[in-house]
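Student: Structure incoming, see below.
Residue numbers (the working numbering): -3 to 351.
This is the structure:
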């Protein structure tokens, strides 16, 4: 049985980081996105070919190039975590990246969305629906005044930490095999950040935080638990993946987890290897659906931020996964939920939209 192309609203990508880094080398970010490129995973032509209709577009301040530590003789690795970032330098970079996001919006190359109506409207016109996400809150000071400014400018989602520590909490390392229970969770400032996000209607993303941090947010937030791009620890025991107990908590909160396409988070051996079968992606989705139910599972590709299976390749290959899910028995209604509707439901609740 075949299904028509499913439009995908995706939980995480790093296209803005790629455009920003290329702009520093003199490449026009608007032209690169509009006309297409062989670099990375997302541009307008490839997104349209693959049915990638939009997603959370990260403003991420890098700590230099992330290179996973070479595995030892047993295939194990623990990549050292980067040190803290200077807040003002991080803020400068965040503003530079945000400027590219707004230039794309002003040029009509995508739409910065602040509501689910915006997302659905953009998808209906074939315009890429971008939700601005801050991945790691290093640009924000403890008084949270910058957060209010970012929200006014359109920020609707954030992760308190990336895989490094900051004034708000502790991140998990890129490590295999390892539990996500790697250290402390939120700081006092982190608890205040969560409460302010609840007040403003900003998604709190738990993709890179320690297990203790996950539970700290769970006991503080009044919103559904969201993990934008993580997988099942039971299948791939890297520190970035979620235990079954964490998956249960997401289900109980009526939240959502987006499948990460990073091969390190899909393979049983935790290795970075593009020769990873699509069946591994299907297995993680199947496990999460069986644990949480169909309403709690979505997609969070990590396009432009990770090595993904070669059979997908980039955004143009997005429907390869959808076809594999259909072949595994997921119905058209199931696929619509996984591809976009589960995200839109959680966003509508978090952003306090009228039912």
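Each residue gets a CB set at the ideal place from its N, CA and C atoms; glycine is no exception.
At the level of alpha carbons, what is the spacing between residue 119 and residue 125?
Tutor: Your numbering for residue 119 matches position 123 in the chain shown. Your numbering for residue 125 matches position 129 in the chain shown. Taking the straight line from one Cα to the other gives about 7 Å.
Student: Less than 7 Å between C-beta atoms, sequence neighbours within five positions excluded: which residues of the same chain meet that for residue 1?
Tutor: For the purposes of this step, residue 1 is taken as residue 5 along the chain shown, with counting starting at 1. Correct list, in chain order: 47, 315.
Student: Would you mind sorting residue 242 into buried or exposed? The rule is 16 or more other CB atoms within 10 Å of its CB.
Tutor: Walking along the chain shown from the start, residue 242 turns up at place 246. With 16 or more Cβ atoms within 10 Å of its Cβ, residue 242 is classed as buried.
Student: Report the residue from 311, 338, 101 whose alpha carbon sits nearest the alpha carbon of residue 150.
Tutor: Taking the first residue of the chain shown as 1, we reach residue 150 at position 154. Ranking the options by Cα distance to residue 150, first place goes to 101.
Student: For residue 196 and residue 256, what's the separation of their Cα atoms in angstroms?
Tutor: Taking the first residue of the chain shown as 1, we reach residue 196 at position 200. Taking the first residue of the chain shown as 1, we reach residue 256 at position 260. Computed Cα separation, rounded: 27 Å.
Student: In angstroms with no decimal places, state the Cα-to-Cα distance between residue 15 and residue 50.
Tutor: The residue given as residue 15 occupies position 19 in the chain shown. The residue given as residue 50 occupies position 54 in the chain shown. Those two C-alpha atoms are separated by around 16 Å.
Student: Just the Cα atoms here: how many angstroms apart are residue 22 and residue 217?
Tutor: For this step, residue 22 is matched to residue 26 along the chain shown. For this step, residue 217 is matched to residue 221 along the chain shown. Cα to Cα, residue 22 sits roughly 43 Å from residue 217.
Student: Which term fits residue 207, buried or exposed, when burial requires 16 or more other beta carbons within 10 angstroms of its beta carbon?
Tutor: As a position in the chain shown, residue 207 is number 211, starting the count at 1. Buried, by the Cβ-count rule.
Student: If we count the other Cβ atoms within 10 Å of its Cβ and call it buried at 16 or more, is residue 66 buried or exposed?
Tutor: Sequence index remark: in the chain shown, residue 66 carries index 70 (1-based). Exposed, by the Cβ-count rule.
Student: Just to confirm my understanding: we take residue 247, look at its own chain, exclude 5 residues before and 5 after, and list those with CB closer than 8 Å. What are they?
Tutor: For the purposes of this step, residue 247 is taken as the residue at position 251 of the chain shown. Counting only Cβ-Cβ distances below 8 Å, and skipping sequence neighbours, we find 287, 288, 289, 292.
Student: Just curious, the alpha helix (DSSP H) that residue 85 is in, first and last residue?
Tutor: In the chain shown, residue 85 corresponds to position 89, counting from 1. According to the DSSP assignment, residue 85 belongs to the alpha helix (DSSP H) that extends over 83 to 102.
Student: In the structure shown, what three-state DSSP assignment does residue 53 receive?
Tutor: The count along the chain shown starts at 1 and reaches residue 53 at position 57. Three-state result, residue 53: strand.
Student: Give the C-beta separation of residue 254 and residue 7 to the nearest angstrom, bearing in mind that I take them to be a contact with Cβ-Cβ under 8 Å.
Tutor: Position 258 of the chain shown, counted from the start, is the residue given in the question as residue 254. Position 11 of the chain shown, counted from the start, is the residue given in the question as residue 7. Their Cβ separation, rounded to whole angstroms, is 3 Å, which keeps residue 254 and residue 7 in contact under 8 Å.
Student: Distance, Cα to Cα, residue -3 vs residue 244?
Tutor: Locating residue -3 in the chain shown gives position 1, counting from the first residue. Locating residue 244 in the chain shown gives position 248, counting from the first residue. The predicted position of residue -3 is uncertain, since its pLDDT is 44 and thus under 50; no value can be drawn from it.
Student: Using DSSP bridges, identify the partner residues of residue 150.
Tutor: Within the chain shown, numbered from 1, the residue matching residue 150 stands at position 154. DSSP output for residue 150 lists no bridge partner at all.
Student: For residue 311 versus residue 339, is the C-beta spacing smaller than 7 Å?
Tutor: Counting from 1 along the chain shown, the entry for residue 311 is found at position 315. Counting from 1 along the chain shown, the entry for residue 339 is found at position 343. For the pair residue 311 and residue 339, the CB atoms are not nearer than the 7 Å cut-off.
Student: Please report the residue range of the beta strand (DSSP E) in which residue 333 lies.
Tutor: Within the chain shown, residue 333 is the residue found at index 337, counting from 1. Where residue 333 is concerned, there is no enclosing beta strand (DSSP E), given that its DSSP letter is neither H nor E.
Student: Report the three-state DSSP secondary structure of residue 301 (helix, strand or coil).
Tutor: Taking the first residue of the chain shown as 1, we reach residue 301 at position 305. It is coil, neither helix nor strand.
Student: Residue range of the beta strand (DSSP E) that residue 16 falls in?
Tutor: To locate residue 16, count along the chain shown from 1; it is residue 20. Taken as a continuous stretch (DSSP letters only), residue 16 belongs to no beta strand (DSSP E), being part of the alpha helix (DSSP H) at 11 to 19.
Student: Residues in the same chain with beta-carbon distance under 8 Å from residue 115, minus the five sequence neighbours each way, listed in chain order, please.
Tutor: Numbered from 1 along the chain shown, position 119 holds the residue referred to as residue 115. 5, 50, 109, 125, 127, 340, 343.
Student: For residue 92, which residues of its own chain have a beta-carbon under 7 Å away from its beta-carbon, when the five flanking residues on both sides are left out?
Tutor: Reading the chain shown from its first residue, position 96 is the one you call residue 92. Cβ neighbours of residue 92 beyond the five flanking positions: 16.
Student: Just confirm the distance between the C-beta atoms of residue 55 and residue 166, as a whole number of angstroms; I'd bet it's less than 8 Å.
Tutor: Within the chain shown, numbered from 1, the residue matching residue 55 stands at position 59. Within the chain shown, numbered from 1, the residue matching residue 166 stands at position 170. The Cβ separation is near 21 Å, so there is no contact.
Student: Need the endpoints of the alpha helix (DSSP H) that residue 72 sits in, please.
Tutor: The residue given as residue 72 occupies position 76 in the chain shown. For residue 72, there is no enclosing alpha helix (DSSP H), as DSSP marks it with neither H nor E.
Student: Less than 7 Å between C-beta atoms, sequence neighbours within five positions excluded: which residues of the same chain meet that for residue 75?
Tutor: Taking the chain shown and counting its residues from 1, the one referred to as residue 75 is at position 79. Excluding sequence neighbours, residue 75 sits near 64, 65, 169, 170, 171.
Student: Give a yes or no on whether 7 Å exceeds the smallest Cβ distance from residue 344 to chain B.
Tutor: Absent from the structure is chain B; it holds one protein chain and no more.
Student: With distances taken from CA atoms, which of 285, 250, 237, 177 is nearest residue 262?
Tutor: Taking the chain shown and counting its residues from 1, the one referred to as residue 262 is at position 266. If we check each option's Cα against that of residue 262, 237 comes out closest.
Student: Can you tell me whether DSSP reads residue 262 as helix, strand or coil?
Tutor: Numbered from 1 along the chain shown, position 266 holds the residue referred to as residue 262. Correct three-state label for residue 262: coil.
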